[in-house]
Amino acid sequence: MTHPLLTALAQARLRDAPMFAKWCELNGLSACPAAPASVARFVTDCASLGMDRLWPAVQDISRMHVALGLADPTLGGAAASELDRGHSSAAVLAGPVQAPVRHLTV
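In structure tokens:
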């Protein structure tokens, strides 16, 4: 028989951070509690999704852990470094920001 707490944790993983939970399952890692190194690897592996899809997934990971009274694996360390790197990479891939065209009136 499975302990009720383990069942609740498994349900929380799938409900609260489905993308990360599925990625962890595919990679043989624990989604909750998650190690910061696992979150960093998730960010690296999923960087091609872009920050607009990746950032909400990381926020889901954070909320899931905080809601269960666990340490947030997305804060600081490897996970934060990868997020910073991913954000910079996304900006580079998007190309330079174009200055608005201004027309002079005479």
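Just so you know, my numbering puts 1427 at position 56 of the sequence shown, and the rest follows in order with no gaps.
Backbone N, C-alpha and C define an ideal beta-carbon position, used for all residues, glycine too.
Here the structure is a predicted model, which is why all the values come from computation and not from measurement.
- Go ahead and pull the three-state DSSP assignment for Ser1401. The residue you call residue 1401 lines up with position 30 of the sequence shown. Coil, per DSSP.
- In angstroms with no decimal places, state the Cα-to-Cα distance between Thr1445 and Gln1430. As a working note, residue 1445 is residue 74 in the sequence shown. As a working note, residue 1430 is residue 59 in the sequence shown. Their Cα atoms are separated by approximately 8 Å.
- Query: Which first and last residues belong to the alpha helix (DSSP H) in which Leu1425 is found?
  - Reply: Stepping through the sequence shown from its first residue, residue 1425 is reached at position 54. 1422-1438 is the extent of the alpha helix (DSSP H) around Leu1425.
- Item | For Trp1394, three-class secondary structure by DSSP | Position 23 of the sequence shown, counted from the start, is the residue given in the question as residue 1394. Helix.
- Item | Per-residue burial, Val1410 [other beta carbons within 10 Å of its own, 16 or more giving buried] | Numbered from its first residue, the sequence shown carries residue 1410 at position 39. Classified as buried, Val1410 has 16 or more neighbouring CB atoms from the shown chains inside 10 Å of its CB.
- In terms of residue numbering, what span does the alpha helix (DSSP H) encompassing Pro1444 cover? For the purposes of this step, residue 1444 is taken as residue 73 along the sequence shown, with counting starting at 1. Unbroken run through Pro1444: none, as it is neither H nor E.
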